[in-house]
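Numbering (the numbering used here), first residue to last: -13 to 189.
Note that beta-carbon positions come from the ideal geometry of N, C-alpha and C, so glycine has one too.
Bear in mind the structure is a predicted one, so any value in this text is a computation, not a measurement.
Below is one structure, written out as C-alpha cells; comments come after it.
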Amino acid sequence: MNILEHASYSASDVTIESRELLFRGFIQVEKVSLKHRLFDRVDYSPSIQRELVHRPEAAGVLLYNDQQQRFALIEQFRIGAFNDADSAWQLEIIAGVLDGDESPESCIRRETLEESGCEITTLKHLFSFYPSAGACSELFHLYVAEVELPINGGIFGEPDEGENIQLHLFDYSQLDVLLHNGRLRNAPVIMALQWLAQHIQQR
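Below, the structure is given as C-alpha cells:
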C-alpha cells in the first residue's frame, strides 16, 4: 500500500462496541467504546473508550488582492480561547459552519458577505482537514479568494447570532510580522497566510 495515497487501515478495521450520547446542543458529545487494528499485527486493540465531540463541517477563506497588496482578517471573541493568557479575541480568516447539505463554497460566499461585505467570484481550494482529530469530528475546508477589498475595515456579523466581528485589512508588508509575533493562534489562519507568503514569492 502506498502510504502517500492511502492510510494503513480503513473504517472496516474499527469495531464499535457501544456509543452513548452524553450531551446534545450546538455540539454533541458522545462516549464511544471500540477496538481497532494494530500495526504489524493481526489482532485488535483492547477495548478503549473515547469522548468524541461532534461539530458540523466548516469552511473558511482568506481574502486577498495582489493589485492592492493587501489581505483581510477578522477579529472576534472566541470561547475556546477564553483562558488564553493574552486575549480571547482572535484573528481569523472568514469562516462558518455548513448549513445542512450546503456546499463549502456556498457557505463561504454567504459568510463572506455577512462578515466583510465582499463578494466572491472565484475560489481556490487549499486543504480539507481535521483541526483536532484527537477528540473532534469537525472537517474544515480551507480556501483562498482574490477579491476587491474595501478601503477600510468595519464591524460585521449577525447580532442575533451573538456575532460582533471586526474586519481588519493588512498590507502584504505586514505578513511576516503576523506569522512570527505569536498573534495568530488558530490553524486555518496560519495555514492560509503561509500559502499567501508562498504566493507572493512566486508572483
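Cα atoms of R41 and Q53: separation of roughly 37 Å, rounded to the nearest angstrom. Here I79 is near L48, since their CB atoms are less than 8 Å apart.
With a cut-off of 8 Å on Cβ pairs, the region 59 to 74 is not in contact with the region 21 to 37, counting fewer than three such pairs. In the three-state scheme derived from DSSP, where H, G and I count as helix and E and B as strand, H154 is classed as strand. Restricted to the region 137 to 181, the alpha helix (DSSP H) segments that are unbroken, complete and at least 4 residues in length are 161 to 166, listed in chain order.
For E(-9), there is no enclosing alpha helix (DSSP H), as DSSP marks it with neither H nor E. Membership of E132 in the beta strand (DSSP E) is indicated by the continuous run F126 to E132. One Cα belongs to L24, the other to V15, and the distance between them is close to 26 Å.
Fewer than three Cβ pairs drawn from the region 156 to 170 and the region 119 to 128 lie within less than 8 Å of each other, which leaves the two stretches out of contact. With respect to Y30, K17 sits apart: the two C-beta atoms are not nearer than 8 Å. Between L112 and L170, the C-beta spacing is not below 8 Å.
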